[in-house]
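Numbering (UniProt numbering), first residue to last: 1 to 374.
Written out below as structure tokens is the structure these notes cover.
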């Protein structure tokens, strides 16, 4: 009886997987050609995106500024979707232009003093390493932390936090190595010294579940794992930050003493795309999205390991998997010749499947990689 139940459950799971695959083939027509494994560079739009953007501009053409009530309704609806996804308050969300803008805004909004410290990984993305001009001008000290190996990335940051630390900045998922840091551990270490944890989340949000319980500021553009194009970013400024940050940018949307960080009208066409895409992903099911990313990335890991290549990405990861070869750019070119799109980053080959990637795509990647390194 148990064997029959197991077979029945497996059959239902297989049928559901086939249904999802069929839907994704229809919704992401690019899949009919090459194998796209560079979602960490830019996510593919689903087929409804162009129509959503066109309709928004058609509305502007019909109504001009008279459409403002609809635009603000759109912003409120999208804000609600983001708040539900991240389990935060709608008032904690600011729609800005880029992840880098969120990070710079957080850095510039703290009242730095001489001797304060800001801690970040020395090898992190420029959005984390560079926004500290206001801190430096006030006499604060940048603490650029060397990361000895990927499994120690969180430990190295925690060990660098002192009583002088005012802010810790880090990418949730490293854009090159794919390492996912432990936000809970970092957040606890920050709160022990009353410091803020500021996170670039662009390589995480949409690929994995994101818990912001111990994060103070979280920024993410929407053009990668959220599949929603350029020019819009989600900034989450938790309620706790009001005691630490005074918005550095002011405009008609947040005149002093407003604690809001959204200082002007957002990118409404971008929000139209984001709103529709979040609705699409909600309908597909976030659990399905996250599980497919995990499952497909695990398959990439198994393939690379089985071929004896130098694995860089640890088990704590999201949708990025990177490995080292003597000539990363050359291997990427050979894979491209075989219809596989990956990217070379700092001497590594970076592979990043997403929900629209199929098992057949990963099979093609396996054959192409084995052939390209032969």
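Don't be surprised by glycine CBs; every beta carbon is placed ideally from N, CA and C.
Nearest in C-alpha terms to residue 177, of all of 368, 36, 362, 346, is 346. Of 39, 35, 15, 44, the smallest CA-CA separation from residue 27 is found for 44. For residue 142, the beta-bridge partners assigned by DSSP are 118. Taking 8 Å as the upper bound for CB-CB distance, residue 322 and residue 350 are in contact here, some 5 Å apart. 8 Å or more divides the Cβ of residue 268 from the Cβ of residue 247. By the neighbour-count criterion, in which a residue is buried when 16 or more other Cβ atoms sit within 10 angstroms of its Cβ, residue 58 is exposed. In this structure, 75 is the residue among 335, 258, 75 with its C-alpha nearest to the C-alpha of residue 273. Judged by DSSP in its simplified three-state form, residue 93 adopts strand.
Contact check between the stretch 175-195 and the stretch 214-230: three or more CB pairs, one atom from each, fall below 8 Å, which counts as touching. In this structure, residue 34 places its C-beta atom within 8 Å of the C-beta atom of residue 339.
Beta-bridge partners of residue 373 (DSSP): none assigned. Residue environment: residue 266 is assigned as buried (16 or more neighbouring CB atoms within 10 Å of its CB, all protein chains considered).
Taking C-beta separations shorter than 6 Å and ignoring five residues to either side along the sequence, the partners of residue 218 in its chain run 199, 201, 212, 236, following chain order.
In its chain, beyond the 5 residues on either side, 289, 292 have a beta carbon closer than 6 Å to the beta carbon of residue 355. Only buried fits residue 56, as 16 or more other CB atoms lie within 10 angstroms of its CB. Annotation: the stretch 186-210 contains the following complete segments of the beta strand (DSSP E) (minimum length 3 residues), in chain order: 196-200. The shortest CA-to-CA distance from residue 119 to any of 230, 146, 208 is the one to 146.
Cβ contact annotation for residue 275 (same chain, cutoff 7 Å, sequence separation greater than five): 74, 77, 78, 81, in chain order. Sixteen is the threshold: when 16 or more other Cβ atoms of the shown chains lie within 10 Å of the Cβ of residue 101, as they do, the residue is buried. The beta carbon of residue 190 sits closer than 6 Å to those of 168, 197, all from its chain and outside the five residues before and after it, given in chain order.
Comparing alpha carbon positions, the residue from 203, 362, 240 closest to residue 195 is 240. Distance from the CA of residue 303 to the CA of residue 366, rounded to the nearest whole angstrom, comes to 6 Å. In this model, residue 137 and residue 104 are separated by some 14 Å (Cα to Cα). Collapsing the DSSP output to three states places residue 161 in coil. Non-local C-beta neighbours of residue 148 in its own chain, meaning closer than 7 Å and more than five positions away in sequence, comprise 156, ordered along the chain.
Residue range 133-137 is occupied by the alpha helix (DSSP H) that includes residue 137. By the CB criterion at 8 Å, residue 166 and residue 124 fall outside the cutoff.
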